[in-house]
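Residue numbering for the sequence shown follows the working numbering, starting at 48 and increasing by one per position.
Below is one structure, written out as structure tokens, with a few remarks after it.
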Amino acid sequence: MLGLMQQHELNISRIIEFAAQCHGDGEIVSRRVEGDIHRTTYREVAARARKIANALDAMQVEQGQRVATLAWNGYRHMELYFGISSSGRVLHTLNPRLHPEQLAWIINHAEDTVLCFDTSFLPLIQAVHSRCPTVKHWIAMCDGAALPKESGIPGLIAYEDWIAGQPDTYDWPVVDENSAASLCYTSGTTGNPKGVLYSHRSTMLHSYAVVMPDAMCLSARDSVLPVVPMFHVNAWGLPYAAAMTGCKLVFPGPAMDGKSVYELIENEKVTLAAGVPTVWQMMLAHVQANGLRFSTMNRTVIGGSACPPAMIQAFQNDYKVEVLHAWGMTELSPLGSVCTLKNKHLAESPEAQLKRRQSQGRPIFGIELRIKGHEGQVLPWDGQQSGELQARGHWVVGEYFKGEGGEILDEGWFPTGDVAMIDGDGFMLITDRSKDVIKSGGEWISSIEVENIAMAHPAVAMAACIGMRHPKWDERPVVVVALKPNATLTRDELLAFYQGKTAKWQIPDDVLFVPAIPLGATGKMLKTKLRDQFKDYQLPSLSA
Ligand code: ADP
48 MLGLMQQHEL
58 NISRIIEFAA
68 QCHGDGEIVS
78 RRVEGDIHRT
88 TYREVAARAR
98 KIANALDAMQ
108 VEQGQRVATL
118 AWNGYRHMEL
128 YFGISSSGRV
138 LHTLNPRLHP
148 EQLAWIINHA
158 EDTVLCFDTS
168 FLPLIQAVHS
178 RCPTVKHWIA
188 MCDGAALPKE
198 SGIPGLIAYE
208 DWIAGQPDTY
218 DWPVVDENSA
228 ASLCYTSGTT
238 GNPKGVLYSH
248 RSTMLHSYAV
258 VMPDAMCLSA
268 RDSVLPVVPM
278 FHVNAWGLPY
288 AAAMTGCKLV
298 FPGPAMDGKS
308 VYELIENEKV
318 TLAAGVPTVW
328 QMMLAHVQAN
338 GLRFSTMNRT
348 VIGGSACPPA
358 MIQAFQNDYK
368 VEVLHAWGMT
378 ELSPLGSVCT
388 LKNKHLAESP
398 EAQLKRRQSQ
408 GRPIFGIELR
418 IKGHEGQVLP
428 WDGQQSGELQ
438 ARGHWVVGEY
448 FKGEGGEILD
458 EGWFPTGDVA
468 MIDGDGFMLI
478 TDRSKDVIKS
488 GGEWISSIEV
498 ENIAMAHPAV
508 AMAACIGMRH
518 PKWDERPVVV
528 VALKPNATLT
538 RDELLAFYQG
548 KTAKWQIPDD
558 VLFVPAIPLG
568 ATGKMLKTKL
578 RDQFKDYQLP
588 SLSA
């Protein structure tokens, strides 16, 4: 017997129309490429999203065709998010930190038809446009007066001119909820990037999950600052989740330095900010150096790579800001788990709580996780055994765009490439990417743990642990360290700092100092580059 309830397609247009109706005056504040602070509302963003839909109709962009953006976090990008997907086209967010070669490859692979870009990325567009034959329209996200002159981009038009004459009404089509809504490519550290094609349904369900109390706990009373970029994995789904709740949204634009981010947090009374550890490192350094406080921010979502315990402690103990350590990936839309404590954990000692908060937390409802051992056996959640982490759920990839990589699932589960252990309460600890695992004497050493210890040293800005070949032990860890400005630290001092903090055999054999750790397009440490840089290096025990 079927239930007798109404059935509506889960369409992204519903989110923005809801926001316009119930939170019409809800604020959206952006620091613009132009440098000023711009203020708008959900009502206005919805109206301009409808104008975009009309403008795309005028260009005869068909349903399902890809419309690309190359832009910072800002209100125009938000309008494009909703205008493109709600009208049945596919929003394709491009990552400006990619190399032009890779960018051109992705644009061609996606067969983008229109490309909207922030004027700060004009040089990048100039470098790639002649290699992108599928793109018929280039749109600079500015008004007519700011349109770059003699850009060399054929037919370049200004965004404001593009939508100016269009009506702000639009009959959103009802699209099959399983149809594609947006496309994001993985960073492709190995091989070509692969496209993850999100559907209206997956995006909607993911947004519901992001809002839940044990996830990001968003409400209409929040003021949310997504520092995580809208150009990669939809800023962790925050543009949709925020519109679902009507919370205030604050966009940082291109200014991601500590001072600019801090000023926005204070001026716009931000309650929740979301970003990768490297961004918070810059902000904490600014706040610490200038003796500042946070007057409204009460929680921060940190993910994308492991959040060092020293950062969790600084936020919580010194600034009374709760850290929500989150794990996810492009293939998971991206949210998989968030670390929020249960009642029973609040009675634990501060040390035990800190240890728990270092974990990537519990899966949010809608995501199932399992870990698999060396022999392919499913391992128990005992907090002891670690194996390859696999995920399945409503917003997990089934296959890559255009079938790249073939069949990717293992009995319906997506292999994440992460190595993790999970305890009886569902708390998951990621110990490594499987390709970064260090195998020493038949045991695995967690590079994340080695890095976390180094990063707890006050002189260390960033640390990356990599394995070096060893004839007897297979591999031994060394830690590559970038120091904070004006800080001094010797190899022996750092190695002494490890004593008592981890098992002796897990202490790195050597410390290599570098001016800066190379970062990839999504702000993660590029260990491949480091391994390359130190390919002729010999461990001290071998070079004697
Ligand atoms: P990419 O395009 O590089 O895959 P993602 O943002 O999809 O970019 O990266 C996902 C990966 O990032 C995860 O598989 C995991 O290895 C790592 N990651 C994400 N969040 C965390 C976290 N909180 N702790 C440790 N690793 C994390």
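Glycine included, each C-beta is placed from N, C-alpha and C at the ideal position.
Query                                                                                                                           : Result
Coil, strand or helix - T377 by DSSP                                                                                            : helix
Terminal residues of the beta strand (DSSP E) in which R90 lies                                                                 : Careful: R90 lies outside any beta strand (DSSP E), inside the alpha helix (DSSP H) at Y89 to A105.
Straight-line gap, S246 to A550 (C-alpha atoms, nearest Å)                                                                      : 46 Å
Complete runs of the alpha helix (DSSP H) confined to the region 392–431 [at least 4 residues]                                  : 397–405
Simplified DSSP assignment, three categories, for A332                                                                          : helix
Segment contact flag, the region 69–85 with the region 100–107, C-beta cutoff 8 Å, min 3 pairs                                  : no
Contact the region 303–310 vs the region 323–332: 3+ CB pairs below 8 Å                                                         : yes
Under 8 Å between C-beta atoms of I274 and G322                                                                                 : Just to set this straight, residue 274 is Val in the shown sequence, not Ile. A contact, by the Cβ cut-off of 8 Å.
Euclidean distance between Cα positions of V385 and I200                                                                        : 44 Å
First through last residue of the beta strand (DSSP E) which encompasses E522                                                   : D521 to L530
Assigned exposure category for W552 - 16 Cβ within 10 Å defines buried                                                          : exposed
Beta-bridge pairing of A467 - partner residues as DSSP gives them                                                               : G434 and I477
DSSP bridge partner residues for E490 (one or two, in chain order)                                                              : S487
7 Å CB neighbourhood of K576 in its chain, flanking five on each side removed                                                   : P565
Cβ separation of G202 and W219, assumed to be a contact under 8 Å, to the nearest whole Å                                       : Going by Cβ atoms, the distance from G202 to W219 rounds to 28 Å, so no, they are not a contact pair.
From L530, K574 and H441, residue whose alpha carbon lies closest to that of Y255                                               : H441
Helix, strand or coil at H184 according to DSSP, with G and I counted as helix                                                  : strand
Proximity test, Cβ basis, 8 Å: R404 and chain C                                                                                 : The chain labelled as chain C is not found in the depicted structure, where only one protein chain is given.
Classification of T569 by the beta-carbon crowding that lies within 10 angstroms, buried from 16 upward                         : buried
Cβ pair count under 8 Å reaching 3, the region 477–493 against the region 537–544                                               : no
Contacts around Q580, its chain only, beta-carbon distance under 6 Å, and the 5 residues preceding and following it disregarded : none
Simplified DSSP assignment, three categories, for H55                                                                           : coil
Chain-order list of residues whose beta-carbon lies under 8 Å from that of R601 (same chain, five-residue window excluded)      : Past the edges of the chain, shown from 48 to 591, lies residue 601, and the structure says nothing about it.
Any non-hydrogen atom of ligand 1 closer than 7 Å to R346 Cβ                                                                    : no
Counterpart residues of V76 in DSSP-defined beta bridges                                                                        : R86 and V297
V585: CB within 7 Å of a non-hydrogen atom of ligand 1                                                                          : The sequence as given places Gln at residue 585; Val does not occur at that position. It does not: the Cβ of Q585 is nowhere closer than 7 Å to a heavy atom of ligand 1.
Contacting residues, own chain, Cβ-Cβ under 6 Å from F448 (five flanking each side not counted)                                 : G242 and L244
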